[in-house]
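Notes follow the structure.
Protein chains in written order, with our numbering: chain A, 1 to 115; chain B, 1001 to 1114.
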């Protein structure tokens, strides 16, 4: 499976600031996904990022709050803008593998605490 | 709409006991994939298994086994002779073919006590 890394692994931020999370894959992938996991909760999809096009956001998530870049087939960034304590979560990127993209593998996650 | 239900929020077992984690799913698609992921305290999500909707064969991998039953829309996960290292949150998930995101259950927190 693809090797996925995320930076930073964790961060503590002040409210009102922004943080950019990087996701790097060791092979070229078409689709990348960004998920949020709030404390004690399940994973919720934020957006799907396809190289060369605008990210597609899920209901409840907007580009102004979570801008995403996908400059090439191995890299993506998610920015959490104008943070509040409610943004404290684990943010995970994932990529799909397989001929039909049938399996998703996840990066190690970024633990964000907003004070 | 797709939905995954993991009714067990938390399970606690003593080491060496067997434990089964339940997963019930809903989908209108005839072709779909089912998954189990493990999330240890460190937070990463570890892929355990994918099952295609057209393959109802049960699978065994070491101490892990999975029982897929389309008739009851269930995809249950059994750990035999549990160990402390099995302590984690386990997520069941569902997706359609063709680059679609996963729909996750709420997860089951398994605690294995020595």
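Glycine is no exception: its CB is placed at the ideal position from the N, C-alpha and C atoms.
Cβ of residue i within 9 Å of any chain B Cβ
i	result
residue 107(A)	yes
residue 102(A)	yes
residue 19(A)	no
residue 113(A)	no
residue 33(A)	yes
residue 41(A)	yes
residue 68(A)	no
residue 94(A)	yes
residue 90(A)	yes
residue 48(A)	yes
residue 76(A)	no
residue 73(A)	no
residue 84(A)	no
Residue i - containing beta strand (DSSP E), residue span
i	result
residue 22(A)	19-25
residue 1106(B)	Per DSSP, residue 1106(B) belongs to no beta strand (DSSP E) and is neither H nor E.
residue 48(A)	43-50
residue 1093(B)	1088-1095
residue 1039(B)	1033-1039
residue 73(A)	That residue, residue 73(A), is in no beta strand (DSSP E); it is neither H nor E in DSSP.
residue 1045(B)	Taken as a continuous stretch (DSSP letters only), residue 1045(B) belongs to no beta strand (DSSP E), as it is neither H nor E.
residue 1014(B)	1010-1014
residue 1019(B)	1019-1021
residue 1026(B)	1024-1026
residue 1005(B)	1003-1005
Chain A contact for residue i (CB, 9 Å cutoff)
i	result
residue 1043(B)	yes
residue 1070(B)	no
residue 1016(B)	no
residue 1028(B)	no
residue 1102(B)	yes
residue 1040(B)	no
residue 1090(B)	no
residue 1095(B)	yes
Between the CA atoms of residue j and residue i - distance to the nearest angstrom
i	j	result
residue 1048(B)	residue 57(A)	27 Å
residue 48(A)	residue 1046(B)	20 Å
residue 59(A)	residue 40(A)	21 Å
residue 28(A)	residue 107(A)	15 Å
residue 44(A)	residue 89(A)	11 Å
residue 1087(B)	residue 1110(B)	5 Å
residue 1075(B)	residue 1085(B)	22 Å
residue 118(A)	residue 54(A)	Any property of residue 118(A) remains undetermined from this structure, which presents chain A solely from 1 to 115.
residue 18(A)	residue 105(A)	26 Å
residue 36(A)	residue 6(A)	14 Å
residue 109(A)	residue 42(A)	14 Å
residue 9(A)	residue 111(A)	6 Å
residue 1044(B)	residue 1071(B)	32 Å
residue 4(A)	residue 1013(B)	33 Å
residue 83(A)	residue 33(A)	21 Å
Per DSSP, cross-strand counterpart(s) of residue i
i	result
residue 90(A)	37(A) and 111(A)
residue 4(A)	25(A)
residue 105(A)	95(A)
residue 13(A)	114(A)
residue 61(A)	BP columns for residue 61(A) are empty, so no partner.
residue 1072(B)	Residue 1072(B) pairs with nothing; no bridge assigned.
residue 31(A)	50(A)
residue 1111(B)	1012(B)
residue 1056(B)	None; residue 1056(B) has no bridge partner.
residue 1067(B)	1076(B)
residue 1061(B)	1064(B)
residue 79(A)	20(A)
**OP:** Could you tell me whether the segment 88-107 of chain A touches the segment 1097-1110 of chain B, where touching means 3 or more Cβ pairs closer than 8 Å?
**Re:** yes
**OP:** Report yes or no: do the segment 65-82 of chain A and the segment 1021-1037 of chain B share at least 3 C-beta pairs separated by less than 8 Å?
**Re:** no
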